[in-house]
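Structure, as structure tokens:
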Amino acid sequence: LFILTCMRNFSSVLYRFGLLLCLLGISSLWAQVELPAAGPGSIATAFGAEQMDVSFLPAGEPGEPGDSPEAMWDLQFSHNITATPAAVGNAGAVFVNGEFWVARWQSDTLSRFQADGTYIGAFLIPTSGGGTLSGTRAMTTDGTDVFIANNTSTIYRIDTATRTISGTIAAPITQARFLTYDSLANGGNGGLWTGNFNTDITLINLSGGVLQTIPAATHTLGGMYGAAVDNFSTGGPYLWVFHQTNGPSQGTISQLQLPAGTPTGVFRDVFGDLGGNTGLAGGLFIANGIVPGEATLGGVLQGNPNNFLFGYELDFSPIQNDMSLTSLVSSNGLSQVPERLLEPIVFEASTINFGGNVADTAHIVLQVEKDGAPFFSDTETLLAVGSGATNNIV
804 LFILTCMRNF SSVLYRFGLL LCLLGISSLW AQVELPAAGP GSIATAFGAE
854 QMDVSFLPAG EPGEPGDSPE AMWDLQFSHN ITATPAAVGN AGAVFVNGEF
904 WVARWQSDTL SRFQADGTYI GAFLIPTSGG GTLSGTRAMT TDGTDVFIAN
954 NTSTIYRIDT ATRTISGTIA APITQARFLT YDSLANGGNG GLWTGNFNTD
1004 ITLINLSGGV LQTIPAATHT LGGMYGAAVD NFSTGGPYLW VFHQTNGPSQ
1054 GTISQLQLPA GTPTGVFRDV FGDLGGNTGL AGGLFIANGI VPGEATLGGV
1104 LQGNPNNFLF GYELDFSPIQ NDMSLTSLVS SNGLSQVPER LLEPIVFEAS
1154 TINFGGNVAD TAHIVLQVEK DGAPFFSDTE TLLAVGSGAT NNIV
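Residue numbers (my numbering): 804 to 1197.
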């Protein structure tokens, strides 16, 4: 039980309480926080991570929490497709037969781009009733055909040679917004993961039968617009989801572990890489052959004012040593305590082991500073923290 009481000594010198230091991490990670003065009875505090101590089993090279291998998230390309006849309103995208197809969600127009982003032209997909297929949100491929979801309960199978509808699948959901082909599903016969903004994620066979459901409460994502199955990265399979809410921005790619569908804690804020652009997550895909010798995790950012067709290098390896402090709450909600509020204060810290290795020993250091100098410290120790395990320390 970590209870810290601010006290006044007999010589009437008030001990002012600073910021709780509750740090958990690995190796040489260093951070500094400096709080502005808040008037009489408060103190600004700085802290560093020299006192962190986490050891793992099996032993491995230390890494920094939250980091990914350098090759993963290298931005391979970012094409401003607003400057082409494709204009704005682009959402779904797929790479097939050496070129990109990009769909406009409020239109029946699909645009074609070369692998280097050069605009080729546009086409329409005719329907049996004499019209054209409209409102495409998502596209995915099994390597031969393209499957299209247009926010209805029907999934369309497209012959890529003729660019015509060769079949349909009755989906068990009313609005299929995202769609991704999984070659390992249904015993290797293939299937499709699909869903809408804030729904469960459903895996269906190629006849529309439900194979699996990931509840929304499990995946925890919101505003889902694009998805891509990753069956070849280390530690997989994974489902990458491009979503608009429950992330650092409205354009976040997050990773789910399959088959359970639980978040791995790996994510990427696409806005931060494209720079100076605002907007919403769009479609997502995984492909080979865009950049020689590399796999690509790509998609469409429905930006304002520009739409971007982008791609990251997909070279994911799970971080083995990655234990993090996820929250820190004090009973009075303060990090600086004025004289009039001196009273016992209770702190609660939460941790999670995102890494693949067991954290053999993890020390959480609590430190109080007075006038910039250490005044009180204590240590809580966690033992044998398994991969994915969470802990609350009070």
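All C-beta atoms in this analysis are idealised placements derived from N, C-alpha and C, irrespective of residue type, glycine included.
Note to self: As an exercise, report each continuous alpha helix (DSSP H) stretch of at least 4 residues that is fully enclosed by the region 1045–1115, in chain order.
What the structure shows: 1073–1077
Check: Which partner residues of Ala1020 appear in the DSSP bridge assignment?
Finding: The partner list for Ala1020 (beta bridge, DSSP) is empty, contrary to what the question assumes.
Notebook entry, point to check: Would you call the CB atoms of Gly1106 and Leu1077 closer than 9 Å?
Noted result: yes
Check: In whole angstroms, what separates the C-alpha of Gly1025 from that of Phe1111?
Finding: 21 Å
Notebook entry, point to check: DSSP on Thr885, reduced to helix/strand/coil?
Noted result: helix
Note to self: For Leu987, tell me which candidate among Ala964, Thr935, Pro1040, Thr967 has the shortest Cα-Cα distance.
What the structure shows: Pro1040
Notebook entry, point to check: The beta strand (DSSP E) spanning Gly755 covers which residue range?
Noted result: Residue 755 cannot be examined here, being either before or after the span of the chain that is shown, 804 to 1197.
Notebook entry, point to check: Near Ser858, which residues of its chain fall below 6 Å by C-beta distance, leaving aside the five closest residues on each side in sequence?
Noted result: Low confidence applies to Ser858: its pLDDT is 48, below 50, so where it sits in the model is not reliable enough to give any reading.
Notebook entry, point to check: Relative to the C-alpha of Arg980, which residue among Gly991, Thr957, Ala952, Asp1003 is closest?
Noted result: Ala952
Checklist line | Element boundaries [alpha helix (DSSP H), containing Ala770] | finding: Absent from the model: residue 770. The displayed extent of the chain is 804 to 1197, so no value can be given.
Check: Going by the C-beta, is Ala1020 closer than 8 Å to any heavy atom of the ligand ZN?
Finding: In terms of ligand content, the structure shown is empty, and the ligand ZN therefore cannot be addressed.
Next item on the list: Have a look at the DSSP bridge pairing and note the partners of Ala941.
Entry: Ala952
Item checked: Pro1051 to Leu1083 span [Cα, whole Å] -> 12 Å
Next item on the list: Taking Gln1058 and Phe1070 to be in contact with their CB atoms under 8 Å, please state how far apart those CB atoms are, rounded to whole angstroms.
Entry: 7 Å
Check: For Phe1178 versus Thr943, is the C-beta spacing smaller than 9 Å?
Finding: no
Note to self: Which of the three DSSP states is assigned to Thr1182 in this structure?
What the structure shows: strand
Checklist line | Gly970, enclosing beta strand (DSSP E) - first and last residue | finding: 967–973
Note to self: I believe Gly895 touches Gly1086 by the beta-carbon criterion, under 8 Å. Please report the beta-carbon distance rounded to the nearest angstrom.
What the structure shows: 4 Å
Item checked: Leu1144 (DSSP reduced to helix, strand or coil) -> helix
Next item on the list: May I ask you to report which of helix, strand or coil DSSP gives Gly1191?
Entry: coil
Next item on the list: Please list, in chain order, all residues of the same chain as Asn1202 whose beta carbon is under 8 Å from its beta carbon, the five residues on each side excluded.
Entry: Not covered by the structure: residue 1202. The range shown for the chain is 804 to 1197.
Notebook entry, point to check: Counting Cβ pairs closer than 8 Å, one from the region 1010–1019 and one from the region 963–982, do we hit at least three?
Noted result: yes
Checklist line | Option in Thr939, Thr965, Ala1090, Leu1042 with minimal Cα separation from Val899 | finding: Ala1090
Check: Contact check, Tyr1028 vs Gln1047 under 8 Å by CB: the rounded distance?
Finding: 6 Å
Margin query: Does Pro1177 come out as helix, strand or coil in the three-state DSSP assignment?
Written below: strand
Item checked: Span separating the alpha-carbon of Thr955 from that of Gly1189 -> 42 Å
Checklist line | Span of the beta strand (DSSP E) around Trp904 | finding: 902–907
Margin query: Tell me the DSSP secondary structure of Ser914 in three-state form.
Written below: strand
Next item on the list: Could you tell me if Gln835 is buried or exposed, where buried requires 16 or more neighbouring beta carbons within 10 angstroms of its beta carbon?
Entry: Reliability of the predicted coordinates at Gln835 is poor, the pLDDT of 22 falling under 50, and the value obtained from them is presented with this limitation in mind. Gln835 is exposed by the Cβ-count criterion.
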